[in-house]
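Sequential numbering from 625 applies to the sequence shown in our numbering. Beta carbons are placed, not taken as given, at the ideal position from N, Cα and C, and that holds for glycine. Note that the structure is a prediction, hence the values are computed from the model and not measured. Step one of this worksheet: look at the structure below.
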Amino acid sequence: ALSNIPSADNKHTVASAALSRSGRIFVGVNVDHFAGACAELVVLGAAASAGVLARDIDTIVAVRREPGEDPELGQRGPIAVLNPCGRCRQVLLDYNSDINVVVRDGEGVVLTLKVGELLPFAYIWPDGNNAQVEER
């Protein structure tokens with residue numbers, strides 16, 4: 625999905641992919657705007673529109689192109705894992721506290737962690753983060 629974005633539009637364009645427990649893969653891309661939805665939320669919407677709820681997602685990852693591209697030479701920077709923002713961490717926790725999130729540590733090592741590990745002092749809904757009840 626990220627490769628389809630013109631290089632002039634990807635200063636902070638992020639793509640996300642989610643793997644469902646049944647093995648289906650969903651992708652999404654944010655629109656490069658400070659108030660736009662993050663790619664992780666877009667991919668949850670793409671999965672939901674296909675009938676797969678957030679609680680059925682096993683793993684999610686977001687990526688972006690690193691700086692260093694030169695559009696005039698047709699070069700693009702490398703793709704790297706991007707850690708989810710605080711809002712996305714809370715949304716993922718609210719919808720699926722068991723979801724695995726692919727992240728990159730301070731050394732650049734890629735890890736897979738449960739979303740709760742990324743939000744240790746998270747707000748917990750009074751009903752145990754099930755306030756976002758989804759029905760099929």
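query	result
7 Å CB neighbourhood of V739 in its chain, flanking five on each side removed	R713, L716, L717, S721, I723, V725
R689 - DSSP class collapsed to helix/strand/coil	strand
Exposure label - N804; buried when at least 16 CB within 10 Å	Residue 804 lies beyond the stretch modelled for the chain, which goes from 625 to 760, so this question has no answer here.
Distance, A659 Cα to S646 Cα	32 Å
Three-state secondary structure assigned by DSSP to L643	strand
Cβ-Cβ distance between I703 and S644 below 8 Å	no
Bridge partners - V728, DSSP secondary structure assignment	Note that residue 728 corresponds to Arg in the displayed sequence, not to Val. Looking at the DSSP assignment, R728 forms a beta bridge with V734.
Closest by C-alpha distance to C662, when choosing among L706, G701, R679	L706
Sequence-distant residues of the same chain with beta carbon closer than 6 Å to L668, five excluded per side	A678
Span of the alpha helix (DSSP H), counted from its first residue to its last, around R653	Inspection of the sequence shows that residue 653 is occupied by Val rather than by Arg. That residue, V653, is in no alpha helix (DSSP H); its beta strand (DSSP E) goes 649–653.
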